Every structure is written in structure tokens, then in C-alpha cells.
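*Asks:*
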Amino acid sequence: MTSRNFDSLPTVEPVARLIEELNKLPGIGPKTAQRLTYHVIRLPAEEARALAQAVLDVKERVVFCSRCYNITDKDPCAVCTDLRRDQTRICVVEEPLDVLALERVQVYRGMYHVLHGVISPMHGVGPDDLRIRELLVRLQGSGVQEVVLALNPSLEGEATSMYLQKLIAPLGIRLTRLARGLPAGSELEYADEVTLTRAFEGRQEL
Amino acid sequence: MTPPSTKPRLFKVEAVVLKQYPLGEADRLLVLYTPELGKLRAVAKGARRPSSKLGGHVEPLVHTRLLLARGGSLDVVSQAEAVHAFPGLREDLGRLAQALYCAELVDAFTPDEQASPPLFGLLVEALATMEEGAEAVFLHCFELRLLALAGYQPQLRHCAECEGPIEPGQHWLSYRAGGVLCPRCAQGVSPPPAPVSLNALKSLRYLQEQPYGRAQRLRLGPEVGAEVRGLLRGYIRYLLEKDLKSTEFLDHLRREGMAPWE
Ligand SMILES: [Zn+2]
Ligand SMILES: [Zn+2]
Chain A
1 MTSRNFDSLP TVEPVARLIE ELNKLPGIGP KTAQRLTYHV IRLPAEEARA
51 LAQAVLDVKE RVVFCSRCYN ITDKDPCAVC TDLRRDQTRI CVVEEPLDVL
101 ALERVQVYRG MYHVLHGVIS PMHGVGPDDL RIRELLVRLQ GSGVQEVVLA
151 LNPSLEGEAT SMYLQKLIAP LGIRLTRLAR GLPAGSELEY ADEVTLTRAF
201 EGRQEL
Chain B
1001 MTPPSTKPRL FKVEAVVLKQ YPLGEADRLL VLYTPELGKL RAVAKGARRP
1051 SSKLGGHVEP LVHTRLLLAR GGSLDVVSQA EAVHAFPGLR EDLGRLAQAL
1101 YCAELVDAFT PDEQASPPLF GLLVEALATM EEGAEAVFLH CFELRLLALA
1151 GYQPQLRHCA ECEGPIEPGQ HWLSYRAGGV LCPRCAQGVS PPPAPVSLNA
1201 LKSLRYLQEQ PYGRAQRLRL GPEVGAEVRG LLRGYIRYLL EKDLKSTEFL
1251 DHLRREGMAP WE
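Protein chains in written order, with the numbering used here: chain A, 1 to 206; chain B, 1001 to 1262.
1. Taking only runs that begin and end inside the segment 8-34 of chain A, name each unbroken alpha helix (DSSP H) of 4 or more residues, in chain order.
2. Under 6 Å Cβ to Cβ from Asp75 (chain A), same chain only, skipping five residues before and after it: list those, please.
3. Whole angstroms are fine: how far does the CA of Glu1132 (chain B) sit from the CA of Val144 (chain A)?
4. Just grab the DSSP bridge partners of Lys1202 (chain B) for me.
5. DSSP three-state call for Gln165 (chain A): helix, strand or coil?
6. So Ala1108 (chain B) contacts chain A; which residues on that side make the cut at Cβ distance below 8 Å?
7. Tyr1101 (chain B): which of B:Lys1045, B:Leu1250, B:Ala1160 sits nearest, CA to CA?
8. Taking a contact to mean a Cβ-Cβ separation below 9 Å, would you say Arg1045 (chain B) touches Ala1015 (chain B) in this structure?
9. Assuming Ala1259 (chain B) contacts Glu1227 (chain B) (C-beta within less than 8 Å), just tell me the rounded distance between them.
10. When DSSP builds the beta bridges, which residues end up paired with Ile90 (chain A)?
11. Between the C-alpha atoms of Ser1197 (chain B) and Arg1229 (chain B), what's the straight-line distance to the nearest angstrom?
12. Using only the alpha-carbon positions, how far apart do Tyr38 (chain A) and Leu188 (chain A) sit?
13. What are the start and end residues of each continuous beta strand (DSSP E) run of 3 or more residues lying completely inside the segment 1180-1236 of chain B, in chain order?
14. Going along the segment 23-37 of chain A in order, which residues come within less than 7 Å of chain E, judged by CB to CB distance?
15. Could you tell me the alpha carbon to alpha carbon distance between Ser1116 (chain B) and Phe1109 (chain B), rounded to whole angstroms?
16. Could you say which of A:Ile173, A:Thr197, A:Ser161 lies nearest to Glu94 (chain A) if we only look at CA atoms?
17. Name the one or two DSSP bridge partners that Gln1020 (chain B) has.
18. Near Tyr1212 (chain B), what residues of its chain come up, given a Cβ to Cβ distance below 6 Å and the 5 sequence neighbours on each side ignored?
19. Quick one: does Ala191 (chain A) have its CB under 9 Å from some CB of chain B?
20. For Lys1245 (chain B), write down the residues that DSSP places opposite it in a beta bridge.
21. Can you name the residues of chain A whose CB is closer than 7 Å to the CB of Val1124 (chain B)?
22. What whole-angstrom Cβ distance do Lys1012 (chain B) and Arg1065 (chain B) have, given they're in contact under 8 Å?
23. Quick one: residues with CB closer than 7 Å to any heavy atom of ligand 2, in chain order, please.
24. For chain B, is any of its Cβ atoms less than 9 Å away from the one on Leu116 (chain A)?
25. Step through the CB atoms of chain A and report whether any lies within less than 9 Å of the CB of His1057 (chain B).
26. Counting beta carbon pairs with one atom in the segment 1143-1160 of chain B and one in the segment 1175-1188 of chain B, are three or more of them shorter than 8 Å?
27. Tell me which residues share the same chain as Glu87 (chain A) and place their Cβ nearer than 7 Å to its Cβ, disregarding the 5 neighbours each side in the sequence.
28. Once the 5 residues before and after Glu156 (chain A) are set aside, which same chain residues still bring their CB inside 7 Å of it?
29. If you measure from the beta carbon of Leu102 (chain A) to each beta carbon in chain B, is any gap under 9 Å?
30. With a threshold of 8 Å (Cβ to nearest heavy atom), would Tyr69 (chain A) be considered close to ligand 1?
31. CB Ala1047 (chain B) to CB Leu1074 (chain B), shorter than 9 Å?
32. Between which residues of its own chain and Glu201 (chain A) is the CB-CB distance below 7 Å, once the five residues before and five after are set aside?
33. Is Arg1041 (chain B) helix, strand or coil by DSSP?
34. Do you know whose CA, among B:Val1124, B:Leu1231, B:Val1137, lies nearest His1171 (chain B)'s CA?
35. Within 9 Å (strictly less), CB to CB, does Glu187 (chain A) reach chain B?
36. From the DSSP output, read off the bridge partner residues of Trp1172 (chain B).
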């Protein structure tokens, strides 16, 4: 599937290698990888170096926040150390991109917790593969008064919400979830601002 | 079996969505089980966006009616309307875990585009049963019915090697032979067959031979239940040469005391 698509290309080894690496990225097929590679070939050397350096910096300088597990360049992250934010609320999301989406609409001024995925039995992703234990440790004797589950309204998101509910309910912390304004099967990241704001404001007790 | 080339450009299918993968920016790749065409793959374009009309109609475990457009390498969902979304499965973690296991079993035992209307019926009926809450034994009924439809029904009345009678006493189940062995045939077999208690053997026979509805009402004690579960899992693992992914989650719930059906 990979090599056959590149028959038209001269087999210059570094070119083939960049195409192959780009092709591994999500959402990038062989055609796009080819186009991007030729774009890079035409770039001035300093721009190409800046791109390579940015990729390396992301790997070397970006870490997970040891409290909320969002990506950050300093630990703890800016949200966790912002004293103007409500420390008694934690909003649980699947991915760092979901934090971005929620921060954009500015309806929420509490803390976050990024799970880095959802329970997906059919793909072999279980509770132990996510930052669930870390969330429970965070909640122990923390003074947290509300946990908002802001997971995607997908089958996996619902499964994860149900699982978290079983674990958090005995702790006596208020547990809410986003309103069902988000259609089933969709992803938070793609929600428009109105939908997302409404969903947040209409969050429900669990 | 219908070769892809004979499909019209647009065709309707009834299907259960077995699973899905995110694809590209906002699409989903669906694995469907249909009565007339067997297992199919199709793309639901834009299904991950909240504005998508497809979203809830192509979620896993939804019984749905689709209009598919024949595409280059993959068919594309052009319309979708859920027949039954089994909401009860989405509101209970244990039921959901059971249903995902059944869907994965169907996926694992079916080749692409090989029709089996009885298997489709079995799956839809099972989803409805699990939506109402099913006991642990239900999964074993389902496993045995599915194994039979897939051509792997275990032989439990006669020795699977020599067809000799099975006398009361010590019993063995050979995954390779696909059934119980008499003491003579069990000698020196490699890999060594699994020992089976008389209770477990009787339970397996009952679950396999009784009408579906009656078999589901059998109550197994914890010990026999665990033995039957282990034997069927061992047999399925042998046939598929792997463990199903969703068994891990069922086990997890069991370990954490979140498996009320046990
Ligand atoms: Zn943080
Ligand atoms: Zn024999």
C-alpha cells in the first residue's frame, strides 16, 4: 500500500524517508505526505531547520502536568497554578484538545484532569490505561466539591463516565456531566461554541 | 455472498454496527454486520462532528438501516436511520461490557461479506436480551450458539477423536479435537486436554442442547460458572489464536465487584 503509491517518485532515500514519516501522522495519507515533502524540499534551509527544531522541542520540552496531566512546558501547568481559578472543581476530559476547546468558550474557571483517552473495550483500552487512578488520588481529601465529566457523547465516553461514576459516587463529591446538547457519536473538539457553552451550562447531576 | 461488483451504486442494508474507528479528520470507519451481505466496512463521513446527521445512527451496537454508496475502496454511508439504539445498554456499564463482548465475538468469527441471516438474528436478539439485563450464563449460551453457526460446535456427547461413548468419570476437553475425549484418547495428547468436571460437562451440554430460552435460565454456582467460563474462553482462544479484547474489560469489572450479573 505504501511503496506502490510512490512509483512516480525518484527513489531519493531522504525524500522517501520524510514521506514515510509524514504518512504515519493521523489524517495524512500518502498523497498529502508527498505534497508536504515537496513543500519542505522547496523551503529555505532556516525554515526547514525551524520546523525540525519545533518538532524536537515539542518532544523534549513539553511534559505532562503532574496534577492534571494536560500538556505543559512547566510543571505544574498554568491552569493548576492560577489562584484565581476555582480549585474546588475538576473538569474531566479525554484529551488536551478538549481543554483548549473549553478554555476557548470561557464558561469554566476550575481545574482540569486529562484522562488521555477513554475506556474502549473493543479496542483493548481499559481503565488502567488511562489517568483514572491519578484522578482518584487527586480527589482523596482534596476539598474538591464538584467533578464535571466532560467526555465525548460517544459509546466509549459514556462507558468511561459510567465507570468514573461508580468510583467517585462513594466519595460524596458532587458529580455532574455535560448536558445532552451534544449529539451522540460526536466529538467535543468539533463542537461549535454555542453547543459547547449550552452543554456546559446544562451539566447534570450524576 | 455478493461480489462487490454486482452491488448497485446505491444500496440499502440493515446492520448492527460492531465497532468503529476514527478515520481522517472527522470520519468514522464502521464495521457492520448485515443479514444479507455479512460483515462489511463503510465510511461515515463527518460522523465525529456534532453537526453530523449520522452520529447516533452509526454508533457501535446500534441496529440501523443504512443507504450505502459504492466507493472506490470503501463504501460510504449516505443515509442512516437507527432501528433500535438499545439505550439500555448505554446506561449500564455491565450490560454494555457484555454487549461489546458479543459484538466482538461476531466480528472475530465472521469473514468479510459472507452472509448469515441466523447469525444476524442471534446478535440482534442478544442485544435486546442484554439490554434488559442478562445473567452470566447468557454469554455462554451466546458463545455456544455462535460457535455452532460458525461451524465449531463442541462435541460433548461422544469422544471427539474416536466417537466412543463418554462414561462417567474423569473427563477432558480437547480444544484441538473440538470436544470431549474418552480416557483412552486423552492419553498422551499434546497439548494436554483440559480436565472437565462432571458438573461443568453437564452444564455445557444443557446450555448447548436445550432451547435457547430455557438454557438461559440455568443457574450455575460460582465454581462451575468459573469453570464453564474458563473452558469456553480456552476453546475460543484456541480457535482465534488470541484473546478477545473486550474480555479484559469484563474481567476488570468482575475484579472490581462491578459485575452484578455474576
Ligand atoms: Zn495542570
Ligand atoms: Zn476416544
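C-beta atoms are modelled at their ideal positions from N, C-alpha and C, and glycine is treated no differently. Quick caveat: nothing in here was measured; it's all calculated off a predicted structure.
*Replies:* This is what the structure holds:
1. 13-23
2. As a working mapping, residue 75 (chain A) is identified with position 75 in the first sequence. Excluding sequence neighbours, Asp75 (chain A) sits near Val63, Cys65, Ser66.
3. As a first step, residue 144 (chain A) is located in the first sequence; it is residue number 144 there, counting from the start. As a first step, residue 1132 (chain B) is located in the second sequence; it is residue number 132 there, counting from the start. Cα to Cα, the separation comes out at about 36 Å.
4. For this step, residue 1202 (chain B) is matched to residue 202 along the second sequence. Answer by DSSP bridge pairing: none, since Lys1202 (chain B) is not bridged.
5. In the first sequence, the residue the question calls residue 165 (chain A) occupies position 165. Looking at Gln165 (chain A) - three-state DSSP - the assignment turns out to be helix.
6. Along the second sequence, one-based indexing puts residue 1108 (chain B) at 108. Result: empty, since nearest Cβ-Cβ is about 11 Å, beyond 8 Å.
7. In the second sequence, counting from the first residue as 1, residue 1101 (chain B) sits at position 101. That would be B:Leu1250, whose Cα lies nearest to the Cα of Tyr1101 (chain B).
8. Numbered from its first residue, the second sequence carries residue 1045 (chain B) at position 45. Numbered from its first residue, the second sequence carries residue 1015 (chain B) at position 15. This sequence places Lys at residue 1045 (chain B); Arg is not what is there. For Lys1045 (chain B) and Ala1015 (chain B), no; Cβs fall outside 9 Å.
9. Translated into the one-based positions of the second sequence, residue 1259 (chain B) becomes position 259. Translated into the one-based positions of the second sequence, residue 1227 (chain B) becomes position 227. Actually they do not touch by this definition, with Cβ atoms about 17 Å apart.
10. Working through the first sequence from its first residue, we reach residue 90 (chain A) at position 90. The partner list for Ile90 (chain A) (beta bridge, DSSP) reads A:Met111, A:Val147.
11. Reading the second sequence from its first residue, position 197 is the one you call residue 1197 (chain B). Reading the second sequence from its first residue, position 229 is the one you call residue 1229 (chain B). Taking the straight line from one Cα to the other gives about 13 Å.
12. Residue numbering aside, residue 38 (chain A) sits at position 38 when the first sequence is read from its first letter. Residue numbering aside, residue 188 (chain A) sits at position 188 when the first sequence is read from its first letter. Using only the alpha carbons, I get a separation of about 34 Å.
13. 1194-1196
14. The structure shown contains no chain E; its protein chains are A and B.
15. As a first step, residue 1116 (chain B) must be located in the second sequence, where it is residue number 116. As a first step, residue 1109 (chain B) must be located in the second sequence, where it is residue number 109. Each residue's alpha carbon lies about 12 Å from the other.
16. Mapped onto the first sequence, residue 94 (chain A) falls at position 94. Of the listed residues, the one whose Cα sits closest to Glu94 (chain A) is A:Ser161.
17. Position 20 of the second sequence, counting from 1, holds the residue named residue 1020 (chain B). Looking at the DSSP assignment, Gln1020 (chain B) forms a beta bridge with B:Leu1030.
18. Within the second sequence, the letter at position 212 stands for residue 1212 (chain B). Cβ within range, chain order: n/a, list empty.
19. Locating residue 191 (chain A) in the first sequence gives position 191, counting from the first residue. So, interface residue.
20. Looking up residue 1245 (chain B) in the second sequence gives position 245. BP columns for Lys1245 (chain B) are empty, so no partner.
21. Your numbering for residue 1124 (chain B) matches position 124 in the second sequence. The premise fails here: Val1124 (chain B) is roughly 17 Å from chain A at the closest Cβ pair, so nothing lies under 7 Å.
22. To locate residue 1012 (chain B), count along the second sequence from 1; it is residue 12. To locate residue 1065 (chain B), count along the second sequence from 1; it is residue 65. Lys1012 (chain B) to Arg1065 (chain B), Cβ: 7 Å. Contact.
23. B:Cys1159, B:Glu1161, B:Cys1162, B:Gly1164, B:Leu1181, B:Cys1182, B:Arg1184, B:Cys1185
24. Walking along the first sequence from the start, residue 116 (chain A) turns up at place 116. The question names Leu, yet the displayed sequence has His at residue 116 (chain A). So no, His116 (chain A) is outside the interface.
25. Numbered from 1 along the second sequence, position 57 holds the residue referred to as residue 1057 (chain B). Output row for His1057 (chain B): interface = yes.
26. yes
27. The sequence position of residue 87 (chain A) within the first sequence is 87, counting from 1. Here residue 87 (chain A) is Gln; the residue named in the question, Glu, does not match the sequence. Hits under 7 Å: Met111.
28. Counted from its first residue, the first sequence places residue 156 (chain A) at position 156. Taken in chain order, the residues that qualify are Val118, Ile119, Ser120.
29. Taking the first sequence and counting its residues from 1, one reaches residue 102 (chain A) at position 102. Taking Cβ atoms only, chain B never reaches closer than 9 Å to Leu102 (chain A), which makes this a no.
30. By one-based count along the first sequence, residue 69 (chain A) stands at place 69. Under cutoff, so the answer is yes.
31. Position 47 of the second sequence, counted from the first residue, corresponds to residue 1047 (chain B). Position 74 of the second sequence, counted from the first residue, corresponds to residue 1074 (chain B). Contact flag unset, no.
32. If you number the first sequence from 1, residue 201 (chain A) lands on position 201. Correct list, in chain order: Val107.
33. The count along the second sequence starts at 1 and reaches residue 1041 (chain B) at position 41. Looking at Arg1041 (chain B) - three-state DSSP - the assignment turns out to be strand.
34. For this step, residue 1171 (chain B) is matched to residue 171 along the second sequence. Of B:Val1124, B:Leu1231, B:Val1137, the residue nearest in Cα terms is B:Leu1231.
35. Here the question's residue 187 (chain A) lines up with position 187 in the first sequence. For Glu187 (chain A), the answer is yes, since a Cβ of chain B falls inside 9 Å of its Cβ.
36. Counting from 1 along the second sequence, the entry for residue 1172 (chain B) is found at position 172. In the DSSP output, where bridge partners are listed per residue, Trp1172 (chain B) has B:Leu1181, B:Pro1195.
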